[in-house]
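> Residue numbers (UniProt numbering): 1 to 167.
Backbone N, C-alpha and C define an ideal beta-carbon position, used for all residues, glycine too.
To start, I am sharing the structure in question, which I have written as structure tokens.
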Ligand code: SF4
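Set out below in structure tokens:
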């Protein structure tokens, strides 16, 4: 198994750990690719290879999560249906469109991700940690954490609302 294939497996594993809650249990389409190296063409000019890889992404049920993770982690290769240079362009576009103050919906989406990660690590996200991670004031972070917990608890139907830790 080549280094690129190994790196692909590692990255895919990380992706599975950080899927959006709505994507849990869904199988990435590329997990069924006979040759994982198509997702790491030597050059993006290898149009047929790139197109073949993208054909998996086109029908992948976790494409959105995959793309967001790849954008956050600066992964190599094709992820979320985009090549590295396409993701770089997308990031540049987003940077210029980014509002100065994050919208509530974006904050909650980010908080959902943080809460899920904290719970997977066996803990609960504190508001102070969320304040730091989200880069917003305490009150906004607290509201986002509460909304994220409520959304997750409703989704999993555990009914556990939890207290917000001020630690
Ligand atoms: S979007 Fe593409 S790279 Fe990402 S998990 Fe799906 S098939 Fe794999």
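Quick check on DSSP: helix, strand or coil for residue 82?
If DSSP states are grouped into helix, strand and coil, residue 82 belongs with the strands.
> What is the rounded straight-line gap between the Cα of residue 67 and the Cα of residue 81?
Going from the Cα of residue 67 to the Cα of residue 81 covers about 7 Å.
> Could you tell me the alpha carbon to alpha carbon distance between residue 144 and residue 48, rounded to whole angstroms?
Looking at the two C-alpha atoms, the distance is approximately 43 Å.
> Shorter than 6 Å, the distance from the beta carbon of residue 80 to the closest heavy atom of ligand 1, or not?
Answer for residue 80: yes, Cβ within range of ligand 1.
> Would you mind reading off the limits of the alpha helix (DSSP H) that contains residue 73?
First-last of the alpha helix (DSSP H) with residue 73: 63-73.
> Does residue 18 come out as helix, strand or coil in the three-state DSSP assignment?
In this structure, residue 18 counts as coil in the three-state DSSP scheme.
> Flag this pair as touching only if the region 116-128 and the region 77-93 have three or more C-beta atom pairs under 8 Å; answer yes or no.
The region 116-128, when compared against the region 77-93, does not touch it at the 8 Å Cβ threshold.
> Only counting the same chain, and skipping five residues up and downstream in sequence, which positions put a Cβ closer than 7 Å to that of residue 59?
Counting only Cβ-Cβ distances below 7 Å, and skipping sequence neighbours, we find 29.
> Express the C-alpha separation of residue 52 and residue 10 in angstroms, rounding to a whole number.
Distance between the alpha carbons of residue 10 and residue 52: 21 Å.
> Ligand 3 heavy atoms versus the CB of residue 8: any closer than 6 Å?
In the structure on display, ligand 3 does not appear, and the ligands it does have are ligand 1.
> May I have the straight-line CA-CA distance separating residue 35 from residue 18, to the nearest angstrom?
Cα to Cα, the separation comes out at about 24 Å.
> Nearest-angstrom Cα distance between residue 111 and residue 44?
Answer to the nearest angstrom: the Cα atoms are 34 Å apart.
> Going by beta carbon distance, what residues of the same chain come within less than 7 Å of residue 2, once the five residues before and after it are set aside?
Around residue 2: 37.
> If I follow the unbroken alpha helix (DSSP H) through residue 60, where does it start and stop?
It is not in any alpha helix (DSSP H) - residue 60 carries neither H nor E in the DSSP assignment.
> Have a look at residue 75 and residue 153 and give me their C-alpha separation to the nearest angstrom.
Approximately 31 Å between the Cα atoms of the pair.
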